[in-house]
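Just so you know, the sequences run in chain order A and B.
Here the first sequence is numbered in my numbering, starting from 842 and rising by one per residue.
Here the second sequence is numbered in my numbering, starting from 842 and rising by one per residue.
Protein chains: 2
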Amino acid sequence: MNTTTKIRTYSISDLAKEFDVTTRTIRFYEQQGLLNPTRQGQTRIYSPKDRVRLMLTLRGKRLGFSLAESKELFDMYDSTTEGDEKQLLYMLNILEKKQADMRQQLRDIQRLQEELNNAEDRCLEALNKVRSGKRQKQKAG
Amino acid sequence: MNTTTKIRTYSISDLAKEFDVTTRTIRFYEQQGLLNPTRQGQTRIYSPKDRVRLMLTLRGKRLGFSLAESKELFDMYDSTTEGDEKQLLYMLNILEKKQADMRQQLRDIQRLQEELNNAEDRCLEALNKVRSGKRQKQKAG
DNA sequence: ATTTTCCTTTACGTAAACGTAAACCTTGAT
DNA sequence: ATCAAGGTTTACGTTTACGTAAAGGAAAAT
């Protein structure tokens, strides 16, 4: 059996299109240590791992993570296999904090969703009033 | 009956302490049109409404809203009572978009929570390995 | 052959959200 | 009276996350 499997690769514009970001953004993420494409000549070649990282980075952004924070998590995740005790405890600490953040965000979102619904209701109501007002005017006119 | 009720007020540092932000931040939010304190001489006096807006602004921030977006929502919310049809439809449009954002964020968070749990498991497992390794060494030593 | 089409690097520019410092009131406590 | 604690304005500085332009290499289409 052959253990060397051919792996899909992506160009920078492949990824840019798929995730709707500019190539500038992708190069910037590399510069910040979030992606590690190989080179063919001077052209960047992205692996599925890079693709996943890009995906995670963007999701992190939506959740208010800075690029530095995402990088930190990636680095830690990579190092867990060979991590020493101190490292691991540190990572557990960070993970705990992130989870607390996420719980807070979950509450925030649920509240905001309620409020958006209320606002929508109020808005629809006001719209009805405006429209029934218009009808009265039409009758009168 | 007296309709003029005395209303609680807050100083800038009251709010700064309560929400753990600097006074600079609070003044900046005023400058951006998010807060509207009255003045006593030149000193700012904040109403409960200001307090709520500060709270909402900060929550918005946690959810990735820009100050401009929060202001937009506040302004629209204030104007709904007297809003004309175009205004109202516009606001409904925005509200719909925000809700879509929130649904996306909800999914993001749930996924991230799963992954954080996985990472934590991996981490704890690695930690156990490290520690059982240590015990072996102690025995041997 | 030359014109697109992608890709590259280098580097300055920018918007958002404050930080920070200077320079100045005012007011209650010592 | 003076001094510390809190308030003010003005204004320049800083970080993050890219945008944008210049200047060019390589390959594929016309």
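The beta-carbon is built from N, C-alpha and C at its ideal position, and this holds for glycine as well.
Query, Result
"Chain B within 8 Å of A/K978, Cβ atoms only", "no"
"Minimum Cβ-Cβ distance from A/Y870 to chain B less than 8 Å", "no"
"Where B/I867 sits in the DSSP three-state scheme", "helix"
"B/L876 and B/I886 closer than 8 Å at C-beta", "no"
"Cross-strand partners of A/T884 (DSSP beta bridge)", "A/Q881"
"Strand pairing of B/Y851, partner residues [DSSP]", "B/Y887"
"Status (buried if at least 16 other CB within 10 Å, exposed otherwise) for A/Q946", "buried"
"A/L936: contacting residues in chain B (beta-carbon distance under 9 Å)", "L957, N958, A960, E961, C964"
"Where A/S907 falls: helix, strand or coil (DSSP)", "coil"
"Whole-Å CB distance - B/I950 paired with A/L904, under 8 Å assumed", "7 Å"
"Residue closest to A/Q940, alpha-carbon to alpha-carbon, out of B/E956, B/R892, B/K912", "B/E956"
"Chain-ordered neighbours of A/D949 on chain B, where CB pairs are closer than 7 Å", "R900, R903, L904"
"Beta-carbon gap between B/L933 and A/E961 smaller than 8 Å", "yes"
"Same chain, Cβ closer than 6 Å to A/V971, neighbours up to 5 away in sequence not counted", "none"
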